[in-house]
């Protein structure tokens with residue numbers, strides 16, 4: 070008597086994708102005459118009897134070369150699927166990626182960047198700063214923001230950079246001044262600096278880079294401006310990477326216009342790894358720094374020093390903490406244990422749908438795309454493996470839309486760069502290239518994910534990993550006809566190999582826009598008006 074088939078739903082999906090029912094009934098007259106389900110017969114009897122699932126696949130040589138043991142399934146077709154199609158050996162790049170992460174070299178350490186002792190040639194001194202502030206801040210220092218982030222938003226592109234740029238424009242429209250500083254040379258985690266030293270910062274005022282400046286000179290200039298005008302600027306911290314504790318406290322001391330604001334755009338306030346990926350492999354949810362779960366990670370030895378500095382900073386500032394999503398706030402409150410006076414959830418954008426769906430397309434391969442940076446943490450290696458695995462499958466065509474070139478010949482590259490001047494570039498590109506599905510397999514817990522919003526606004530169907538933070542919430546709110554989440558990479562591959570992905574194509578989904586909010590601007594301007 071044949072044993073019952075023990076197979077998961079995704080294994081059966083893949084098996085069905087390789088099974089040719091018409092062929093099986095044509096060559097197996099007994100099955101045809103019996104009137105039984107062809108696929109069920111093959112899985113429970115036919116495979117063991119040496120019958121072929123399709124005209125091209127003969128399992129008998131495989132069964133002879135790979136006999137089952139008592140621990141194996143007796144069905145040679147299932148053994149073939151598990152060991153030869155879906156085994157980890159099929160994805161060596163993935164295994165190498167994990168091995169490299171787990172056996173990475175020494176933990177991160179605080180190192181001086183190259184050229185730390187060099188004096189920049191555009192260093193601003195006190196007198197020049199006084200002139201710059203008088204010229205740019207016509208409404209006075211009391212209607213001014215001092216914003217901090219880890220990069221110079223006018224020359225670098227990214228999610229936080231675009232948020233800062235949008236916010237800056239909003240403040241300027243309302244007649245406010247906007248002073249932005251970023252570290253000239255970044256370190257990997259928040260530390261104290263040696264006594265007698267100053268931090269060098271890149272300074273921008275009202276959307277223009279004006280030079281580099283020491284935090285001590287900047288703080289003195291802001292204090293003098295406040296003394297003359299009778300008001301104080303407001304401190305907004307978008308990211309702390311690259312700053313030291315003293316720098317933050319020096320600037321906070323002269324910014325008393327409102328409670329300091331700290332944005333949680335990622336989890337750098339909880340760990341030196343802003344993505345909370347244990348050994349760069351899986352989301353750890355920020356365990357206690359002294360726990361074994363933390364110490365097995367390559368960042369574990371430096372995290373406690375980082376966490377100590379964060380606790381000191383938050384205790385001194387007692388900031389108003391802003392996050393772009395509920396899921397991010399939940400993790401931060403659960404794991405952070407950092408002093409604060411208030412929390413608020415301020416979404417960075419919302420979907421405005423309702424535009425007519427795009428015209429129906431003629432029969433062609435399903436267009437599957439990856440959007441944005443080719444960073445491993447954003448899921449690019451998974452998409453590469455998917456494209457390589459299905460490279461010869463005429464049902465699919467793979468695209469990558471984003472800035473720069475990936476160098477992967479298996480995907481069609483479409484250059485796209487989202488900027489403050491062209492925030493709709495990605496939505497437009499996805500629609501213009503008639504992308505049907507977007508795979509957003511981010512490894513990390515996304516705090517917002519503009520890419521997900523852009524994909525949905527374009528009318529594409531979005532497939533994402535269940536543990537990817539706010540992505541799951543965005544897809545759930547959009548509805549089951551616009552996206553889905555899967556638990557594992559194997560389920561993702563099975564969806565395409567089985568052909569079920571083809572049913573997700575639709576020309577009836579309405580399109581729209583990603584409407585960006587003004588981030589801190591409307592928040593602070595309203596507070597100032599009520600004060």
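Numbering (my numbering), first residue to last: 70 to 600. For glycine and all other residues, C-beta sits at the position ideal for the given N, C-alpha and C.
Check	Outcome
Under three-state DSSP, which class holds residue 467?	strand
Please classify residue 510: does DSSP put it in a helix, a strand, or coil?	coil
Taking the alpha carbon of residue 110 as the point to measure from, which residue in 132, 85 and 133 has its own alpha carbon closest?	85
DSSP three-state label for residue 622, please.	Since the first and last residues shown for the chain are 70 and 600, residue 622 lies out of range.
Please classify residue 539 as buried or exposed, where buried requires at least 16 neighbouring CB atoms within 10 angstroms.	buried
Enumerate in chain order the residues of its own chain whose CB-to-CB distance from residue 331 is below 6 angstroms, with the five nearest sequence positions on each side excluded.	306, 388 and 390
I need the DSSP call for residue 148, collapsed to helix, strand or coil.	helix
Since residue 215 sits in a beta bridge, which residues does DSSP pair it with?	248 and 304
Alpha carbon to alpha carbon, how far is residue 555 from residue 466?	21 angstroms
Helix, strand or coil: which one does DSSP assign to residue 331?	strand
Report all residues from its chain with a CB closer than 6 angstroms to the CB of residue 209; omit the five preceding and five following residues, and keep chain order.	298 and 300
Rounded to the nearest angstrom, how far is the Cβ of residue 256 from that of residue 269, given a contact under 8 angstroms?	The pair is not a contact, with the Cβ atoms about 12 angstroms apart (cut-off 8 angstroms).
For residue 539, which beta-bridge partners are listed by DSSP?	Answer is none; residue 539 lacks a bridge partner.
Apart from the five residues on each side of it in sequence, which residues of its chain come closer than 6 angstroms, Cβ to Cβ, to residue 248?	215 and 274
Using only the alpha-carbon positions, how far apart do residue 410 and residue 87 sit?	59 angstroms
Note down the Cα distance separating residue 254 from residue 469, rounded to an integer number of angstroms.	32 angstroms
Helix, strand or coil: how does DSSP classify residue 193 here?	coil
Using only the alpha-carbon positions, how far apart do residue 134 and residue 149 sit?	11 angstroms
Would you call the region 333 to 346 and the region 238 to 246 in contact, with 3 or more CB pairs under 8 angstroms?	no
Hey, residue 481 and residue 528 are a contact pair by Cβ (cut 8 angstroms); roughly how many whole angstroms apart?	So it is not a contact: roughly 19 angstroms between Cβ atoms.
With a threshold of 8 angstroms between beta-carbons, can residue 485 be considered close to chain B, or not?	You won't find chain B in this structure, because it holds only one protein chain.
For residue 82 versus residue 569, is the C-beta spacing smaller than 8 angstroms?	yes
What does the Cβ neighbour count give for residue 308, buried or exposed, with the cut at 16 atoms within 10 Å?	buried
Could you tell me the alpha carbon to alpha carbon distance between residue 454 and residue 329, rounded to whole angstroms?	44 angstroms
Rounding to the nearest angstrom, what Cα-Cα distance links residue 573 and residue 506 in this structure?	8 angstroms
How close, in whole Å, do the beta carbons of residue 324 and residue 368 come, if the pair is a contact with beta carbons under 8 angstroms?	That pair is no contact at about 31 angstroms.
How many Å lie between residue 292 and residue 321 at the Cα?	11 angstroms
Using a Cβ-Cβ cut-off of 7 angstroms (strictly less than) and excluding sequence neighbours within five positions of residue 65, which residues of its own chain qualify?	Residue 65 is absent from the model: the chain starts at 70 and stops at 600.
Please go through the region 385 to 422 and give each complete alpha helix (DSSP H) segment of 4 or more residues, from N-terminal end onward.	395 to 405
Output the distance between the C-alpha atoms of residue 489 and residue 235, rounded to the nearest integer angstrom.	6 angstroms
Under 8 angstroms, do residue 532 and residue 499 count as touching if we go by C-beta distance?	no
What is the residue span of the beta strand (DSSP E) that residue 482 lies within?	481 to 484
Quick one: residues in its chain with C-beta nearer than 8 angstroms to the C-beta of residue 230, no 5 flanking neighbours on either side, listed in chain order?	218, 220 and 222
Give the straight-line distance between the Cα atoms of residue 424 and residue 551, rounded to the nearest whole angstrom.	15 angstroms
Would you report the Cα separation of residue 285 and residue 193, rounded to the nearest angstrom?	11 angstroms
Going by DSSP in three states, residue 368 sits in which element: helix, strand or coil?	coil
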